[in-house]
Amino acid sequence: MIFPNLPLRVKGAQYQLTSASDVEITSATSYTVTLSGTDLNQVRALLNKDGTTSATAGTTFSLASAEDWMAGSPAGNNVADAAATITVSNYANPTLTSATYDYNSNTLVVTGTNFVPASGANNDIDISKLTFTGEGGRRIR
């Protein structure tokens, strides 16, 4: 497999696989790529729910393959595919487990599991979705 010829496209964004090293042809009709490092983080940010469509944009998850992505295919054969649909399974939603607030530094630290950064800057957490409950059950959003 030639990774520069396998771009992943979701939500109008595109990511080019670069560091995956474990590729296994598992049958005449499928292969498995084990992602790691930068590839793993980027793909997790794009494939953000079970199924075939994005949780945030509603667009279809797809893997495009450029010509000659399969090393060793006959020179005259066109093996390009503009949009093979990706089906995501076993997606783990993020969960919050604790929060601490340092009054002197005005710092709130939230911990949890399955936090995945979104591509781009300053768009990982939507703080307008957080509600603080204080003394007497008073809520602040």
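In numbering that gives the first Met the number 0, the protein residues as written are 0 to 140. For every residue, glycine included, the Cβ atom is placed at its ideal position computed from N, Cα and C.
### Query
Do alanine 63 and alanine 82 have their C-beta atoms within less than 7 angstroms of each other?
A contact, by the Cβ cut-off of 7 angstroms.
### Task
Please confirm whether leucine 34 and valine 87 have their CB atoms less than 7 angstroms apart.
Cβ atoms of leucine 34 and valine 87: not closer than 7 angstroms.
### Presumed contact (8 angstroms Cβ cut-off) between threonine 37 and serine 18, rounded CB distance
6 angstroms
### Message
Helix, strand or coil, according to DSSP, for glutamate 66 in the structure here?
### Response
coil
### Query
Is it buried or exposed for phenylalanine 131, if we count other Cβ within 10 angstroms and need 16 for buried?
Phenylalanine 131 is exposed by the Cβ-count criterion.
### Segment limits, alpha helix (DSSP H) that includes leucine 39
36-45
### Query
If you measure from the CB of asparagine 89, is any heavy atom of the ligand HEM nearer than 6 angstroms?
You won't find the ligand HEM in this model; it holds no ligand whatsoever.
### Query
Grouping DSSP H, G and I as helix and E and B as strand, with all else coil, what is isoleucine 85?
In the structure shown, isoleucine 85 falls within a coil segment according to DSSP collapsed to helix, strand and coil.
#### Entry: Classification of glutamine 13 by the beta-carbon crowding that lies within 10 angstroms, buried from 16 upward
exposed
### Task
Using three-state DSSP, classify isoleucine 126 as helix, strand or coil.
DSSP places isoleucine 126 in helix when its eight states are reduced to three.
### Query
On the premise that threonine 84 lies in contact with threonine 59, defined as a C-beta separation below 8 angstroms, what is that separation, rounded to the nearest angstrom?
6 angstroms
### Task
Under 6 angstroms Cβ to Cβ from phenylalanine 114, same chain only, skipping five residues before and after it: list those, please.
Pro93
#### Entry: Exposed unless 16 or more other CB atoms sit within 10 angstroms - verdict on leucine 16
buried
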